[in-house]
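Remarks on the structure that follows.
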Amino acid sequence: MSKPTVCIFLTAAFFFLSAAALLQHDSENVLEVDGFRNEETKEDDLLNKCYDEETKSTYKVDSNWLSNEKCERRICTRQRDSKTPIIKTMKCEQCTTCDLSTNVCEPVKVGVNYPKCCPLCLPKPLKKKKIIKKY
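Count the sequence shown with mature numbering (1 follows the signal peptide of the UniProt record, and there is no 0) and you get residues -21 to -1, 1 to 114, in order.
Okay, structure coming up:
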């Protein structure tokens, strides 16, 4: 190949690559939701908000909300030295400190919010001794 042909080829390749980068940049500012792009959240909003997959909602930094499906609380927070906020989740301890020889881990009724929905470590009921009457 001659020098002019190589120059034209490289110029055309550079043009197509830069045009593709510009086209892709437009789609980078949109967060895909539900896989159908029926809702859009701009990337700029995500610098000050968290997106929760379960609730399909965005939340401001330092806000907290309850999970609809699990016994937990979620908090939108920003890590030090990070521009993007993250979601931290507070969950129940599964009676890890419960001495099961004298206690029992009791689940709580469904439908109450965190932390009232967490299982409780309760003392085992005392066994009633059968009293045998002798006549």
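Positions of the beta carbon are idealized from the N, C-alpha and C atoms, including for glycine.
Work out the CA separation of residue j and residue i for me, nearest whole Å.
i	j	result
arginine 53	lysine 28	13 Å
threonine 75	valine 83	11 Å
serine 80	tryptophan 44	36 Å
proline 104	glycine 90	26 Å
cysteine 77	cysteine 100	6 Å
Take the Cβ of residue i as the centre, count every other Cβ of all protein chains shown within 10 Å, and call the residue buried at 16 or more, exposed below.
i	result
proline 64	buried
Between which two residues does the beta strand (DSSP E) carrying residue i extend?
i	result
proline 102	99 to 102
residue 115	A question about residue 115 goes unanswered here, because the residues of the chain that appear run from -21 up to 114.
Flag residue i as yes if its beta-carbon sits less than 9 Å from any beta-carbon of chain C, otherwise no.
i	result
threonine 81	Reference to chain C is not applicable here, since this structure consists of a single protein chain.
Less than 9 Å between the beta carbons of residue i and residue j, yes or no?
i	j	result
glutamate 48	glutamate 72	no
cysteine 55	tyrosine 38	yes
residue 116	cysteine 96	An answer regarding residue 116 cannot be provided, because it is not within the stretch -21 to 114 covered by the chain.
Runs of alpha helix (DSSP H) wholly within the stretch 17 to 69 (minimum 4 residues, chain order): 22 to 25
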